[in-house]
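Visitor: A single structure is presented below for examination.
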Amino acid sequence: FFTKVIHINLIGTFLCDKAAAALMQHNAPGPDGERGLLIHTSSVAAFEGQIGQAAYSATKAAVAGMTLPIARELARFGIRCVSIAPGIFHTPMMDGMPQEVQDSLAAQVPFPARLGRPEEFAQMVASVLEIVMLNGTTIRLDGAIRMQPK
Numbered sequence: 004f005f006t007k008v009i010h011i012n013l014i015g016t017f018l019c020d021k022a023a024a025a026l027m028q029h030n031a032p033g034p035d036g037e038r039g040l041l042i043h044t045s046s047v048a049a050f051e052g053q054i055g056q057a058a059y060s061a062t063k064a065a066v067a068g069m070t071l072p073i074a075r076e077l078a079r080f081g082i083r084c085v086s087i088a089p090g091i092f093h094t095p096m097m098d099g100m101p102q103e104v105q106d107s108l109a110a111q112v113p114f115p116a117r118l119g120r121p122e123e124f125a126q127m128v129a130s131v132l133e134i135v136m137l138n139g140t141t142i143r144l145d146g147a148i149r150m151q152p153k
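When the count follows my numbering, it moves up by one through the sequence shown with no breaks and lands on 153 for the last residue.
Here is the structure:
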């Protein structure tokens with residue numbers, strides 16, 4: 004199980020980066036010389052993994068950890084790399100959970116006390132795309148939640 008999660012979350016991210024960067028480096032540069040942007044999806048679990056999440060947390064921490072080296076490596080091509088670490092978001096997987104569970108999870112978020120919305124993740128991506136100076140960093144998008152051990 005551990006190896007499978009590493010292959011999907013970490014190695015899969017790296018291989019997507021490699022394939023995308025190979026194409027992006029040939030893009031016409033923008034005003035600042037930018038040719039592309041790689042956005043990683045990390046997780047708050049990278050920072051506060053819960054019991055039973057060792058594999059998931061390790062891979063999401065590794066994704067966040069490789070963001071700066073990849074940004075530095077690809078800077079010569081004008082390609083940026085940024086990670087977004089979402090907290091608890093309303094996703095199709097969340098729809099499979101009872102409403103009481105969803106409400107309990109939402110109540111753990113300090114502000115706003117609700118689940119994140121997919122459009123908020125999309126807005127963050129759009130903002131990162133617009134702000135060329137954002138590079139080599141991980142942005143928490145989590146309503147100030149800090150996950151408890153269990």
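Cβ atoms here follow ideal geometry from the backbone N, Cα and C, with glycine treated the same way. The structure displayed is predicted, hence computed values, not measured ones.
Beta-carbon separation of Ala49 and Ala88 under 8 Å?
Guide: Yes, the Cβ-Cβ distance between Ala49 and Ala88 is below 8 Å.
Visitor: Does the count of Cβ pairs from the segment 31–43 and the segment 76–86 closer than 8 Å reach three?
Guide: Yes, the segment 31–43 is in contact with the segment 76–86.
Visitor: Express the C-alpha separation of Pro121 and Arg147 in angstroms, rounding to a whole number.
Guide: Here the sequence assigns Ala to residue 147, which means Arg is not the residue at that position. About 17 Å.
Visitor: Does the segment 105–113 come close enough to the segment 58–68 that 3 or more CB-CB pairs lie under 8 Å?
Guide: No, the segment 58–68 is not in contact with the segment 105–113.
Visitor: Rounded C-beta distance between Gly52 and Ile91? I'm assuming under 8 Å.
Guide: Gly52 to Ile91, Cβ: 14 Å. No contact.
Visitor: For Met69, count the other beta carbons within 10 Å of its own beta carbon; 16 or more makes it buried, fewer makes it exposed. Which is it?
Guide: Buried: at least 16 other Cβ atoms inside 10 Å.
Visitor: Along the beta strand (DSSP E) that carries Arg83, what are the first and last residues, could you check?
Guide: Its beta strand (DSSP E) spans residues 82–89.
Visitor: In angstroms, rounded to a whole number, what distance separates the CA positions of Glu123 and Ala129?
Guide: When rounded, the distance between both Cα atoms is 10 Å.
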